[in-house]
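A.B. asks:
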Amino acid sequence: MKRDELLTVKPDELTINAIRKMKERNVGSVLVVSEEGKLVGIFTERDVLRLIAEGKPLDKPISEYMSKKLITASLTDSLSKVASIMVEKWIRHLPVVDERGKVVGIISIRDVLRYIVSSSEFP
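Residues are numbered in the working numbering as their position in the sequence shown, beginning at 1, plus a constant of 106.
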């Protein structure tokens with residue numbers, strides 16, 4: 107789980123600014139959090155592609171384009187459960203929240219693959 111690379115923005119952040127931050131930090135997603143720190147949305151590199159393909163303006167608040175139907179993991183979820191959620195729901199970035207709903211990290215499909223490769227024997 108990544109904690110140090112966690113990129114968050116407020117719902118009123120302009121979409122273009124969020125995209126620039128994603129590029130600067132070399133991350134594939136940005137978590138949208140309320141003033142209280144509660145997760146309210148996620149915006150990913152796939153959302154960027156969709157917006158560009160549809161010719162949508164990027165000078166609108168990210169809240170207009172973020173995914174609001176959130177799927178999250180908890181701190182107690184096993185890697186197996188996390189991987190199953192990602193495969194079943196076709197997602198590549200899974201926010202991790204604590205018991206209060208506050209974001210504490212994010213797991214990417216790359217994190218899962220890295221763990222599998224490092225813990226397996228490959229020729």
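Just so you know, even glycine gets a beta-carbon here, dropped at the ideal spot from N, CA and C. Everything numeric in this text was worked out from a predicted model, so none of it was measured.
Quick one: measure Cβ to Cβ for VAL115 and LYS129, integer angstroms, because I've assumed they're closer than 8 Å.
C.D. replies: The distance from the Cβ of VAL115 to that of LYS129 is about 14 Å, inconsistent with a contact at the 8 Å cut-off.
A.B. asks: Which of the three DSSP states is assigned to VAL146 in this structure?
C.D. replies: Looking at VAL146 - three-state DSSP - the assignment turns out to be strand.
A.B. asks: Look at the alpha carbon of ASP204 and the alpha carbon of GLY134, and state the distance between them as a whole number of angstroms.
C.D. replies: 22 Å
A.B. asks: Which of the three DSSP states is assigned to THR121 in this structure?
C.D. replies: helix
A.B. asks: How would you label VAL230, buried or exposed, when you count the other beta carbons within 10 angstroms and need 16 or more for buried?
C.D. replies: Here the chain comprises residues numbered 107 to 229, so residue 230 is not present and cannot be evaluated.
A.B. asks: On the three-state DSSP scale, how would you describe ILE177?
C.D. replies: coil
A.B. asks: Are there 16 or more other CB atoms within 10 angstroms of the CB of SER225, so buried, or fewer, so exposed?
C.D. replies: exposed
A.B. asks: State the start and end residues of the unbroken beta strand (DSSP E) segment that holds ILE212.
C.D. replies: Counting along the chain, the unbroken beta strand (DSSP E) around ILE212 starts and ends at 209 to 214.
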